[in-house]
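Chemist: Residue 1081 in my numbering sits at position 52 of the sequence shown, and the numbers go up by one each step. The C-beta atom is built at its ideal place from N, Cα and C for all residues, glycine as well. Shown below is the structure under consideration.
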Amino acid sequence: MDEASLEKFLADHLDDLQTVSKEGVTFFFYGPDRMFPFATIVTEDSDYDRASQLDRPTVFRLNMGVVKATFATLFGATGETEKVYDPTVLDQLMPHPVYAAQSWVCVLNPSGVTFQSVLPLLVEAYDRSVRKHSP
């Protein structure tokens, strides 16, 4: 799955989705305030995040902010991940190389099968954002 297909899928399936693209990052927000994204697609390295080597041709990273309990179930307590992950590996769910402490997870170039397996995490991130905006 490429980033354009992923973005289209989200736009077609999530209500009130707002996107902003800037400097190799597409931010996905719920609602018009666009303060805190629930997910991003990153297509290039930045000064503060080079771990995934996104400067490789056609490589992108899908990032999602999940709840702490989900992060802990997947990887152990936030910031205490026992397994060492190679942030350059494609098609593998892993803690975000920079924002794991904030319960963010990521996958580089998810295949269709991997995308289906992380879709519940993406929906969880979206639902979390919806709840934050509910009165």
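At what residues does the alpha helix (DSSP H) containing residue 1150 begin and finish?
Modeler: As a working note, residue 1150 is residue 121 in the sequence shown. Counting along the chain, the alpha helix (DSSP H) containing residue 1150 begins and ends at 1141 to 1162.
Chemist: Would you mind reading off the limits of the alpha helix (DSSP H) that contains residue 1103?
Modeler: Taking the first residue of the sequence shown as position 1, residue 1103 is located at position 74. 1097 to 1104 is the span of the alpha helix (DSSP H), which, as asked, contains residue 1103.
Chemist: Provide the residue span of the beta strand (DSSP E) that contains residue 1056, from first to last.
Modeler: Sequence index remark: in the sequence shown, residue 1056 carries index 27 (1-based). 1054 to 1059 is the extent of the beta strand (DSSP E) around residue 1056.
Chemist: Where do the N-terminal and C-terminal ends of the beta strand (DSSP E) with residue 1033 fall, by residue?
Modeler: Counting from one through the sequence shown, the residue named residue 1033 turns up at place 4. Residue 1033 -> not in any beta strand (DSSP E); alpha helix (DSSP H) instead, spanning 1032 to 1042.
Chemist: Measuring straight from C-alpha to C-alpha, what distance separates residue 1058 and residue 1075?
Modeler: Within the sequence shown, numbered from 1, the residue matching residue 1058 stands at position 29. Within the sequence shown, numbered from 1, the residue matching residue 1075 stands at position 46. So the alpha carbons of these two residues sit roughly 21 Å apart.
Chemist: What does the Cβ neighbour count give for residue 1086, buried or exposed, with the cut at 16 atoms within 10 Å?
Modeler: Counting from one through the sequence shown, the residue named residue 1086 turns up at place 57. Exposed: under 16 other Cβ atoms inside 10 Å.
Chemist: Since I believe residue 1134 is in contact with residue 1150 (beta carbons under 8 Å), could you give me their beta-carbon distance rounded to a whole number of angstroms?
Modeler: As a first step, residue 1150 is located in the sequence shown; it is residue number 121 there, counting from the start. As a first step, residue 1134 is located in the sequence shown; it is residue number 105 there, counting from the start. The pair is a contact, with the Cβ atoms about 6 Å apart (cut-off 8 Å).
Chemist: Out of curiosity, what's the CA-to-CA distance linking residue 1061 and residue 1047?
Modeler: Here residue 1061 refers to the residue found at position 32 of the sequence shown. Here residue 1047 refers to the residue found at position 18 of the sequence shown. For residue 1061 and residue 1047, the distance between alpha carbons rounds to 7 Å.
Chemist: From which residue to which residue does the beta strand (DSSP E) around residue 1069 run?
Modeler: Position 40 of the sequence shown, counting from 1, holds the residue named residue 1069. Its beta strand (DSSP E) spans residues 1068 to 1071.
Chemist: Candidates 1072, 1122, 1073: which alpha carbon is nearest residue 1148's?
Modeler: Reading the sequence shown from its first residue, position 119 is the one you call residue 1148. Nearest C-alpha to residue 1148: 1122.
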